[in-house]
Amino acid sequence: MSVRLRYLAHDLEVPPGEFVIGRSPDCQLSLDDPLVSRRHAILVVHPDAAFIEDLGSRNGVLVNGKRIQAPTRVSDSDEITVGSQVMTLVGVPGSEPAPRGAPAAPNRRTTQGAEVITLTGAENEELAAPTQEHKANTVPPESPDKRVSSLALIGGLAEKALAMGRAEEAERILTRSLREVLLKARARDEIRPELAEKAAFYAARLAAATGRGLWIDFIFELYGLLAALLPAKLVDELYTVMRKVKSVDRTIITGYIDKLRKNDHLGPGERFIRQRIEGLERLLR
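Numbering (our numbering), first residue to last: 7 to 291.
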């Protein structure tokens, strides 16, 4: 069974390796809490053990109410406090007491997934910054494949919220990450097709749940910036979703379709998808 962090009534899966908690968007779990440092703590999961370490934060890390001073082995059901946020570990391997001389967490080298997960309130002024040591250990940007996995991770939380009829909560979970994907596209950064499709899928789910046309705008702007055809399955879903939303920006959609019409290098299958996309424009009238 995988390790999970039980936080705000959600179980967040923690993959093997390193999992950073803090306020920075570079963290796997980003907490909007003024008591949380940018890179506050790191949870390291091994096949037979898990460790938590304070990354030089001002307010420290508590395990079962006690502040830790060094990398500390954690067990199943241990309570972790970061800032004012409390979470519980579930499914920790090797939860028997650690023997004397048990190894501490290894030196940090890589980070698995860095897509932000924001589950709390509004932005607050930074109260604590990482130490010089940990600034020097800043992890380079992750690979696109890991961003896909990370978006799928928080998407699972959003899906649970949607299943419980909590559309606003799902939107709050996904908004920041989806916005970052769009900003990367606007900056002409490379966006892998898998990441674009995953982001567009969740945008369509939010549009259907909230009735907000801005998520339809997101899809067409993203794919317009990428100069790519919408996936066929997404087009099928949009035929249903676009009938439920209001205040769609027509100029974004028609602009995207105009770009597709200028592409003379589409194969038969792609031309059929383009015709289906052109049919979506008629739903706006």
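By construction, the Cβ of each residue, glycine as well, lies at the ideal position given by its N, Cα and C atoms. In this text, all values refer to a predicted model and were calculated from it rather than measured experimentally.
Short check: CB of residue i to CB of residue j, under 7 Å?
i    : j    : result
G89  : V9   : no
L228 : L188 : yes
P22  : V51  : yes
E177 : L232 : no
G219 : V251 : yes
G161 : Y208 : yes
G100 : D54  : yes
L14  : V20  : no
I58  : V80  : yes
Thinking C-alpha only, which one of the options is nearest residue i?
i    : options               : result
G230 : Y262, W221, E243      : Y262
P40  : G28, L212, T94, Q34   : G28
E203 : D223, H16, P237, S253 : P237
R256 : E284, T94, E165, A214 : E284
D60  : K72, H52, P77         : P77
R267 : T246, V254, L235      : L235
G217 : H46, T246, A56        : T246
To which residues does DSSP link residue i through a beta bridge?
i    : result
R79  : F57
T87  : L68, V92
I48  : V26, E59
H16  : Y13
R218 : K252
So residue i and residue j are supposed to be a Cβ contact under 8 Å. How far apart are they, rounded?
i    : j    : result
R64  : S43  : 6 Å
I197 : A210 : That belief does not hold up - the Cβ atoms of I197 and A210 are roughly 17 Å apart, past 8 Å.
M248 : I279 : About 16 Å; that fails the 8 Å criterion.
I179 : A167 : 7 Å
D84  : V67  : At roughly 11 Å, the Cβ-Cβ gap does not stay under 8 Å, so D84 and V67 are not in contact.
Would you tell me roughly how many angstroms separate the C-alpha atoms of residue i and residue j, rounded to the nearest one?
i    : j    : result
D82  : A191 : 41 Å
L184 : D17  : 21 Å
R288 : V26  : 47 Å
T260 : R282 : 14 Å
H271 : A214 : 33 Å
V92  : E200 : 33 Å
R277 : E174 : 37 Å
S30  : R182 : 12 Å
T117 : T94  : In this prediction, T117 has a pLDDT of 35, which is less than 50 and means its spatial position is unreliable; what the coordinates show is noted afterwards. Rounded to whole angstroms, T117 to T94 spans 21 Å at the Cα level.
N269 : A56  : 53 Å
R45  : G171 : 33 Å
L163 : C33  : 17 Å
A193 : A206 : 18 Å
V258 : E186 : Going by the sequence as given, residue 258 is Ile instead of Val. Each residue's Cα considered, the two are about 19 Å apart.
D195 : I74  : 40 Å
S253 : G275 : 31 Å
D264 : K239 : 21 Å
K72  : T87  : 9 Å
G62  : L290 : 54 Å
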